[in-house]
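Contents: one structure, followed by commentary.
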Amino acid sequence: MTDDSRQAAKAAAQERHHRARRGVRHAWPVPLIAKVEPITTARALRGPFDYLRPEGVGVGSVLVVPFGHRDVVGVVVALAEASELPEERLAAPRRVLDHDLPPELVELAGWMASEYCSTPARALSLVSPPPGARAKLTWWANATSARAEGRPPTQRQRELLAQLPRAAGSDLPALRRLEARGLVMLERRPTRRRVRHEAVGARRAQPPSLTGDQTRVLAQIEAELHAPAPQPLLLHGVTGSGKTEVYLRAAATALEQQRGVIILVPEIALTPQIVSRFVDRFGDTVAVLHSKLSAGERHDEWTRLRSGAARVCVGPRSAVFAPIERLGLIVLDEEHDSSYKHEGDPRYDARHVAARRAEQAGALLVAGSATPRPESVHALRRLWLPARVDGRPLPPVQIVDMREQSGALHPDTSHALVDAAKAIVLLNRRGWSNFVDCRSCGHAWTCPQCDVALVLHRAQATLACHHCGHREQVPARCSECGSMSVARHGAGTERLEHDLAQIGHEVFRLDADVRDAGLLLRRFEQARRGILLGTQMVAKGHDFPDVTLGVVVDADGTLRFPDFRAEERTFALVAQLAGRAGRGPGGGRVLVQTLAPEAASIAAAARHDADGFLAGELGRREALRYPPFSHLIRIVCSAPAAQAVGEAARAIRTALGDIPGATVLGPAPLFRLRGRERAQLVIKGSERARSVRAAGAAITTVSGDRARRGVAFSVDVDPQ
Ligand code: ADP
Ligand code: ZN
Ligand code: ZN
33 MTDDSRQAAK AAAQERHHRA RRGVRHAWPV PLIAKVEPIT TARALRGPFD
83 YLRPEGVGVG SVLVVPFGHR DVVGVVVALA EASELPEERL AAPRRVLDHD
133 LPPELVELAG WMASEYCSTP ARALSLVSPP PGARAKLTWW ANATSARAEG
183 RPPTQRQREL LAQLPRAAGS DLPALRRLEA RGLVMLERRP TRRRVRHEAV
233 GARRAQPPSL TGDQTRVLAQ IEAELHAPAP QPLLLHGVTG SGKTEVYLRA
283 AATALEQQRG VIILVPEIAL TPQIVSRFVD RFGDTVAVLH SKLSAGERHD
333 EWTRLRSGAA RVCVGPRSAV FAPIERLGLI VLDEEHDSSY KHEGDPRYDA
383 RHVAARRAEQ AGALLVAGSA TPRPESVHAL RRLWLPARVD GRPLPPVQIV
433 DMREQSGALH PDTSHALVDA AKAIVLLNRR GWSNFVDCRS CGHAWTCPQC
483 DVALVLHRAQ ATLACHHCGH REQVPARCSE CGSMSVARHG AGTERLEHDL
533 AQIGHEVFRL DADVRDAGLL LRRFEQARRG ILLGTQMVAK GHDFPDVTLG
583 VVVDADGTLR FPDFRAEERT FALVAQLAGR AGRGPGGGRV LVQTLAPEAA
633 SIAAAARHDA DGFLAGELGR REALRYPPFS HLIRIVCSAP AAQAVGEAAR
683 AIRTALGDIP GATVLGPAPL FRLRGRERAQ LVIKGSERAR SVRAAGAAIT
733 TVSGDRARRG VAFSVDVDPQ
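According to my numbering, the sequence shown is numbered sequentially starting from 33.
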């Protein structure tokens with residue numbers, strides 16, 4: 033075969049494959065009906081609906097269809113040869129949109145809808161192409177074969193002609209004049225809106241040669257990549273053990289196999305380093321999908337992935353829906369991170385969806401972390417990177433007992449901060465002080481919408497609710513008794529920033545009040561001295577070699593939450609922060625201030641004892657029947673009036689009935705949020721599918737009852 037005919041045969045085979053996957057069949061009869069799921073948020077609507085199938089439309093096609101009295105966008109979820117409706121009642125779609133979805137994503141959305149007790153339409157809207165934007169067209173100039181007649185072209189015009197073909201840019205008027213003379217042909221061409229990547233950290237000309245440990249785990253990953261049905265893996269490696277380099281090599285292998293790669297990261301703004309490392313290594317075949325992109329950039333990146341022009345997608349949780357076909361590898365970096373859980377409906381967990389997608393595509397899932405979740409340790413085969421790449425030990429961690437102290441910082445901590453050139457300080461509380469009350473009558477300022485204390489933000493002179501965003505002016509006097517004496521309790525990052533400034537180093541504060549986290553991190557990276565202070569955002573994956581001191585203020589703050597994951601979170605926070613210190617030749621150390629020096633999670637983190645912590649935690653979870661030894665489903669009912677909520681919650685309890693292998697806890701009241709009273713029920717079951725079905729059925733029954741109008745229901749499978 034010549035190269036050309038081989039190319040043509042390959043293209044034809046690909047086309048056949050593509051058509052077959054989309055359900056477009058060749059054999060007669062051709063499916064006449066497209067089953068379309070309109071993308072609407074209404075829970076009551078039960079699609080899909082039948083439409084006449086336009087030529088070329090298959091599963092995954094995106095259409096505009098007449099629906100009731102309006103036109104809506106819908107996705108084709110199946111084809112059929114006949115409809116139950118009489119032919120004259122079948123409508124034709126108005127338009128077929130340019131973008132379509134890979135059929136695997138349509139299937140994945142269907143699975144998500146039932147797995148998370150949501151609707152197919154809501155799940156489809158998550159996997160659908162970004163709405164609104166179009167390809168950007170710009171003028172492009174080509175030379176024609178015509179010869180100049182009459183007046184000879186000027187010097188400038190000859191220069192322009194010599195540059196063709198090229199984008200017209202600002203020379204469009206001049207090129208138009210040449211077009212009028214027949215010397216140039218102008219056309220509109222799609223132009224890619226390039227995403228600019230920040231260069232972060234040191235660039236390497238060459239990939240480093242792997243350490244023995246990296247070589248060993250990479251071999252195990254590659255063996256799995258070559259297996260017909262790859263089993264998911266957990267890459268458990270201490271901070272700085274070179275996990276990212278392992279991901280890069282695994283991605284290269286998948287690309288050599290002509291397969292696509294998804295790299296999921298917690299938050300792009302906080303971890304720009306990993307994006308730039310992938311772009312440096314693989315160039316243009318990397319696309320990024322995240323919320324900071326403009327609509328146009330998003331559109332173009334999505335299109336590059338859909339067309340196969342880009343084969344690697346790096347992004348936060350929603351990148352698990354990247355439209356990549358022939359997927360070979362999904363990496364979940366920092367798999368313990370809470371940002372993988374989506375808080376809108378469907379409340380999906382990208383880690384669970386990634387596992388499903390990998391299985392569906394026959395791809396390998398690699399979840400990586402220095403502090404993996406007990407669930408992952410229990411479920412996945414573990415590969416272990418025990419040491420930092422540079423052979424440096426993990427920094428010594430000293431527990432600082434705060435029980436006898438006033439003030440936010442222990443004197444030892446203050447001294448250490450004076451001596452350290454660069455330090456990271458973690459305090460997981462925003463604002464100045466965490467609640468405000470009246471010294472005379474005890475009146476406490478709470479949110480009018482939510483039953484929680486308001487937090488003082490001194491720089492803006494406001495009291496703010498961290499749940500709903502409500503803000504009010506700092507009171508001059510007590511609204512109850514008129515006293516001018518207002519007490520502030522506790523310290524947040526804003527207050528600590530003020531205290532740390534006394535030490536004399538520049539303080540870089542990173543918390544949700546900061547607009548441009550990336551810029552702040554770059555400024556800290558470039559500074560010679562300074563303190564990076566912030567909430568858990570400062571503990572995420574940063575690699576600053578010159579940080580010699582890490583401080584956790586109030587390490588047991590996270591332990592005080594009434595949540596079975598409190599221990600796990602506390603361990604991860606301390607261990608992750610410890611991982612940021614002592615990455616360079618200067619070495620480093622970590623101070624952990626706490627009121628609970630004996631707490632198991634804090635003591636284990638101080639010993640760098642992940643295995644000990646995980647073993648203890650898994651034992652505790654098994655005894656109490658918590659995940660991974662059960663599955664939790666949380667149902668929340670909310671409405672403006674408490675009575676309606678109580679009735680609805682009891683109705684749900686009744687509708688749930690007895691679920692074999694499961695216990696139902698509640699209904700129990702929750703604090704009022706955004707002006708809505710709330711109550712919750714928790715199903716704790718051994719069989720996930722059974723509990724999910726029971727929850728879904730109960731919601732359908734109760735929400736369909738007219739007596740429950742005004743009550744909203746939300747279902748959270750695997751609440752975090
Ligand atoms: P982790 O993700 O496990 O915390 P990183 O992948 O960020 O660790 O690696 C830490 C540092 O070590 C990075 O600066 C990285 O470039 C470097 N590194 C990784 N592997 C090697 C290697 N084999 N040789 C030298 N340096 C390496
Ligand atoms: Zn008062
Ligand atoms: Zn509020």
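By construction, the Cβ of each residue, glycine as well, lies at the ideal position given by its N, Cα and C atoms.
In this structure, Arg388 lies away from Ser371, with their beta-carbon atoms at least 8 Å apart. Between Pro427 and Ala642, the C-beta spacing is not below 8 Å. Looking from the CA of Leu266, the closest CA among Asp365, Gln712 and Leu495 belongs to Asp365. If you draw a straight line from the Cα of Asp130 to the Cα of Gln505, it is about 51 Å long. Closer than 7 Å to some heavy atom of ligand 3: that does not describe the Cβ of Val570. A direct Cα-to-Cα measurement between Val585 and Arg520 gives close to 18 Å. Inclusion of His574 and Cys513 in the CB contact set at 8 Å is not warranted, their separation being larger than that value.
When DSSP reads this structure, His663 sits in a beta bridge with Gly717. Under the 8 Å Cβ criterion, the region 480-500 does not count as touching the region 581-597, having fewer than three qualifying pairs. For Gln263, the distance from the CB to the nearest heavy atom of ligand 3 is not below 7 Å.
Distance between Ile71 and Val105, taken at the CA atoms: about 6 Å.
When secondary structure is reduced to three states using DSSP, Gln625 falls in the strand class. For His502, the three-state secondary structure derived from DSSP is coil. Under the three-state reduction of DSSP, Lys324 is assigned to coil, being neither helix nor strand.
By the neighbour-count criterion, in which a residue is buried when 16 or more other Cβ atoms sit within 10 angstroms of its Cβ, Thr276 is buried. Remark: fewer than three beta-carbon pairs, one from each stretch, lie closer than 8 Å, so the region 672-679 and the region 596-605 are not flagged as touching. As DSSP reads the structure, Glu219 sits in a beta bridge with Trp172. Chain order is used for the residues whose beta-carbon lies nearer than 5 Å to a heavy atom of ligand 3, namely Cys479, Gln481, Cys482, Cys497, His499, Cys500 and His502. Assignment of beta-bridge partners to Asp433 by DSSP yields Thr626. Relative to Ala726, the option among Gly707, Ala180, Lys168 and Val747 whose CA is nearest is Val747. Burial is judged here by how many other beta carbons sit within 10 angstroms of a residue's own beta carbon; Ser93 has at least 16 and is buried. DSSP, read as helix, strand or coil, puts Gly292 in strand.
Collapsing the DSSP output to three states places Val270 in coil. For Leu117, the number of other beta carbons within 10 angstroms of its own is below 16, and it is reported as exposed.
Non-local beta-carbon contacts of Arg639 in its own chain, meaning distances under 6 Å to residues more than five positions away in sequence, are absent.
Boundaries of the alpha helix (DSSP H) around Ser157: Pro152 to Val159. Using a 10 angstroms sphere on the CB of Arg78, the tally of other CB atoms stays under 16, which defines it as exposed. Two segments are said to touch when three or more pairs of C-beta atoms, one from each, lie closer than 8 Å; by this definition the region 170-178 touches the region 203-221. Distance from Pro239 to Lys168 at the Cβ level is roughly 34 Å; contact not present, criterion being Cβ atoms closer than 8 Å. In the DSSP assignment, Pro594 falls outside any alpha helix (DSSP H), carrying neither H nor E.
Under the three-pair Cβ rule at 8 Å, the region 534-545 counts as touching the region 449-469.
Under the Cβ criterion (8 Å, minimum of three pairs), the region 681-697 does not count as touching the region 627-638. Cβ contact annotation for Gly644 (same chain, cutoff 8 Å, sequence separation greater than five): Ala636, in chain order. Taking C-beta atoms as the reference points, Asp444 and Leu623 count as a pair closer than 8 Å. Classified as buried, Phe540 has 16 or more neighbouring CB atoms from the shown chains inside 10 Å of its CB.
In terms of Cβ geometry, Ala112 and Pro86 do not form a close pair [threshold 8 Å].
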